[in-house]
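Undergrad: Residue numbers (this note's numbering), protein chains in the order written: chain A, 1 to 296; chain B, 1 to 296.
By construction, the Cβ of each residue, glycine as well, lies at the ideal position given by its N, Cα and C atoms.
1) Count the other CB atoms, across all protein chains shown, that sit within 10 Å of the CB of residue 204 of chain B; report buried if there are 16 or more and exposed otherwise.
2) Using a Cβ-Cβ distance under 8 Å, would residue 228 of chain B count as near chain A?
3) Buried or exposed: residue 88 of chain A, going by 16 or more other Cβ atoms within 10 Å of its Cβ?
4) By Cβ distance below 6 Å, which residues in the same chain neighbour residue 272 of chain A in space, the five residues on each side in sequence not counted?
5) Who are the Cβ neighbours of residue 19 of chain B in its own chain at under 7 Å, not counting the five residues just before and after it?
6) Determine the closest residue to residue 8 of chain B out of B:17, B:16, B:14 and B:22, with distance taken between C-alpha atoms.
7) Between residue 186 of chain B and residue 211 of chain A, what straight-line distance do the alpha-carbon atoms span, to the nearest angstrom?
8) Assuming residue 72 of chain A and residue 12 of chain A make a contact with CB atoms under 8 Å, what is their CB distance in whole Å?
9) Which same chain residues end up closer than 7 Å to residue 121 of chain B when comparing Cβ atoms and leaving out the 5 residues on each side of it in sequence?
10) Using 8 Å as the threshold, is the C-beta distance between residue 202 of chain B and residue 229 of chain B below it?
11) If we ignore side chains and look at the alpha-carbon of each, how far apart do residue 244 of chain A and residue 268 of chain B end up?
12) Are any of the Cβ atoms in chain B nearer than 8 Å to that of residue 219 of chain A?
13) Going by DSSP, what residue range makes up the beta strand (DSSP E) through residue 32 of chain B?
14) Out of B:241, B:240, B:247 and B:233, state which residue places its alpha-carbon closest to the alpha-carbon of residue 132 of chain B.
15) Have a look at residue 10 of chain A and residue 145 of chain A and give me their C-alpha separation to the nearest angstrom.
16) What does residue 237 of chain A reach in chain B if we use C-beta pairs closer than 7 Å?
17) Can you pull the chain A residues whose beta carbon is under 9 Å from the beta carbon of residue 198 of chain B, in chain order?
18) Note down, in chain order, all residues in the region 135 to 163 of chain B with a beta-carbon under 8 Å from any beta-carbon belonging to chain A.
19) If you draw a straight line from the C-alpha of residue 251 of chain A to the C-alpha of residue 76 of chain B, how long is it?
20) If you check the beta carbons only, do residue 102 of chain A and residue 198 of chain A fall under 8 Å apart?
21) Is it the case that the Cβ atoms of residue 217 of chain A and residue 190 of chain B are separated by a distance below 8 Å?
22) Grouping DSSP H, G and I as helix and E and B as strand, with all else coil, what is residue 54 of chain A?
23) Give every residue of the same chain whose Cβ lies closer than 8 Å to the Cβ of residue 85 of chain B, excluding the five residues on either side of it in the sequence, and list them in chain order.
24) Just to confirm, are residue 125 of chain B and residue 149 of chain B a CB contact at a threshold of 8 Å?
25) When DSSP labels each residue in this structure, what does residue 248 of chain B get in the three-state scheme?
26) Here's the rule I'm using: 16 or more other beta-carbon atoms within 10 Å means buried, otherwise exposed. How should residue 158 of chain B be labelled?
27) Cα separation between residue 289 of chain A and residue 274 of chain B?
28) For the beta strand (DSSP E) that residue 147 of chain B lies in, which residues bound it at each end?
29) Under 7 Å Cβ-Cβ, which residues of chain A neighbour residue 78 of chain B?
30) Under 8 Å, Cβ to Cβ, is there at least one residue of chain B near residue 168 of chain A?
31) At a CB-CB cut-off below 7 Å, which residues of chain A make contact with residue 128 of chain B?
32) Using a Cβ-Cβ cut-off of 6 Å (strictly less than) and excluding sequence neighbours within five positions of residue 165 of chain A, which residues of its own chain qualify?
33) Apart from the five residues just before and just after residue 44 of chain A, which ones in its own chain have a Cβ nearer than 8 Å to its Cβ?
34) Nearest CA to the CA of residue 237 of chain B: which residue from B:220, B:66 and B:195?
35) Should residue 156 of chain A be labelled buried (16 or more other beta-carbon atoms within 10 Å of its own) or exposed?
36) Any beta-carbon of chain B closer than 8 Å to the one on residue 194 of chain A?
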């Protein structure tokens with residue numbers, strides 16, 4: 001399928017995710033022009049200086065005027081208020097998507113804000129990011145080759161879903177559809193909780209008086225396993241609070257697995273420790289990013 | 001200082017660490033020839049085929065004949081038995097080092113095996129590795145730019161310590177000296193426990209019925225934070241058992257930090273969650289691999 005061309009993209013939120021979308025969409029010829037709005041006007045102005053947007057709007061409402069594609073790239077907690085503010089000037093044919101890491105709360109917020117115009121809104125979650133935030137780090141390649149999950153609503157027809165799919169496909173993404181509840185549980189397990197774990201691990205490490213000496217001998221394993229602990233605090237505060245029940249449940253499961261391994265180590269049960277590690281190691285070695293689950 | 005040149009390296013254990021040492025030592029002109037021994041003769045023969053060693057010995061004792069440099073690259077649990085077996089033919093001027101991830105138990109094992117000849121043995125730990133094991137993955141660049149920790153004994157004079165330092169420096173390593181107890185505690189905190197955590201996390205994830213669906217949407221954050229879970233089960237069983245007390249202590253600290261964050265999320269305490277994450281994120285962002293601790 002050939003990608004549709006949009007006349008004007010309204011970028012609501014000029015940060016890493018939004019800026020990278022605008023850059024990639026322009027490069028792919030998906031959009032002809034881009035207008036930007038950000039809550040802090042400085043980010044939108046910087047996006048203008050960097051050539052990421054072609055114009056800057058003072059309000060979200062002003063930004064979406066004349067737009068046939070709207071990307072909401074704001075903290076998930078700001079979804080409802082932002083959609084409410086832009087609704088008065090939103091064209092009825094415009095396609096609106098977000099990039100939030102949780103989808104049940106975003107869907108609920110969008111329903112509350114948009115009412116019957118919810119059919120214009122496609123909840124979307126590109127599975128990518130960086131451990132640095134802000135428009136300065138926006139990159140044309142952030143989305144390339146990455147997965148995007150759409151969680152269509154019952155109001156959406158096949159044509160609308162295809163249209164949303166084509167936008168992401170034009171950016172080089174692989175698109176998967178999912179139920180919003182399964183989305184949030186899945187992401188809690190493989191993304192949100194791992195971030196929570198990395199934050200907690202850094203805290204438990206730094207609380208020790210010898211922390212600086214410990215860190216001085218940390219190597220590549222530490223570097224990679226804790227990279228996500230440097231994630232944007234605003235974004236992750238938002239995500240962990242939004243998906244609290246699911247991440248707490250994952251945390252409880254981890255406590256159990258750790259207790260089990262502690263007990264095996266404490267009793268120096270070599271065979272059982274080895275069995276535990278063999279299974280974990282095999283499972284990780286067999287995982288491939290982006291591979292479909294069996295039967296998918 | 002110029003690197004000494006050794007006539008003959010005896011490589012006891014032909015795996016990733018040993019094979020990479022032999023390759024790098026040859027490339028650096030540090031050794032003229034390399035003889036290999038491995039418990040499973042197949043690994044030593046494969047090292048010969050790959051040109052990593054120049055000859056293969058049937059026993060460790062045979063392997064160290066004529067060697068002025070000996071590298072012990074076996075599981076830490078095999079240190080004592082291996083040193084005992086090679087001792088009868090070990091030249092009195094030969095420098096012997098290991099590459100084990102724990103140093104208190106290795107020192108104890110070496111004392112038990114070598115007696116008064118302990119002065120020939122320098123406990124060494126290069127902070128590097130791969131999530132794949134075996135001689136096939138040996139690489140000239142594994143050690144380059146990495147840290148090596150030496151834990152000298154009271155029997156060691158400055159000249160011997162310098163000699164050991166020069167060997168690793170010739171391979172492009174940065175060498176640090178440390179007390180064996182602080183070494184084991186430090187590595188528990190930044191390497192051994194993170195591996196334990198990664199193994200436990202994979203187990204807790206895979207125990208869930210939706211595991212395959214969860215894994216299908218895992219992205220770059222999951223990939224990096226769990227890379228070490230694919231580590232060699234033999235090696236990590238050995239290391240975690242050898243350093244069990246210290247890793248269990250780190251695990252208990254992590255439980256506490258996680259409980260704290262769970263409680264903040266459960267009560268939707270946005271400010272406190274944010275403060276927790278800000279601190280963790282700053283600490284991780286400020287860490288640089290190989291940087292010296294303050295005052296070092």
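TA: Result, derived from the coordinates:
1) buried
2) yes
3) exposed
4) 264
5) 47, 52, 135 and 138
6) Out of B:17, B:16, B:14 and B:22, B:22 has the C-alpha closest to the C-alpha of residue 8 of chain B.
7) One C-alpha to the other measures close to 8 Å.
8) Yes, residue 72 of chain A and residue 12 of chain A are in contact; Cβ-Cβ is about 5 Å, under 8 Å.
9) Taken in chain order, the residues that qualify are 96, 110 and 114.
10) Less than 8 Å divides the Cβ of residue 202 of chain B from the Cβ of residue 229 of chain B.
11) Approximately 8 Å between the Cα atoms of the pair.
12) yes
13) 31 to 37
14) Nearest C-alpha to residue 132 of chain B: B:233.
15) When rounded, the separation of the alpha-carbon atoms in residue 10 of chain A and residue 145 of chain A is 24 Å.
16) Among the residues of chain B, those whose CB is under 7 Å from the CB of residue 237 of chain A are 270, 273, 274 and 277, following chain order.
17) 221, 225, 280 and 284
18) 146, 147 and 149
19) 32 Å
20) no
21) yes
22) coil
23) 59, 60 and 61
24) yes
25) Residue state, collapsed to three classes: helix.
26) Exposed.
27) 30 Å
28) 147 to 150
29) Taking a Cβ-Cβ threshold of 7 Å, none of the residues of chain A is close to residue 78 of chain B; the smallest such distance is about 13 Å.
30) No, residue 168 of chain A does not count as interfacial toward chain B.
31) Ordered by position in chain A, the residues that pass the 7 Å Cβ test against residue 128 of chain B are 219 and 220.
32) 175
33) Non-local beta-carbon contacts of residue 44 of chain A in its own chain, meaning distances under 8 Å to residues more than five positions away in sequence, involve 14, 36, 37, 38, 53, 56 and 57 in chain order.
34) B:195
35) buried
36) yes
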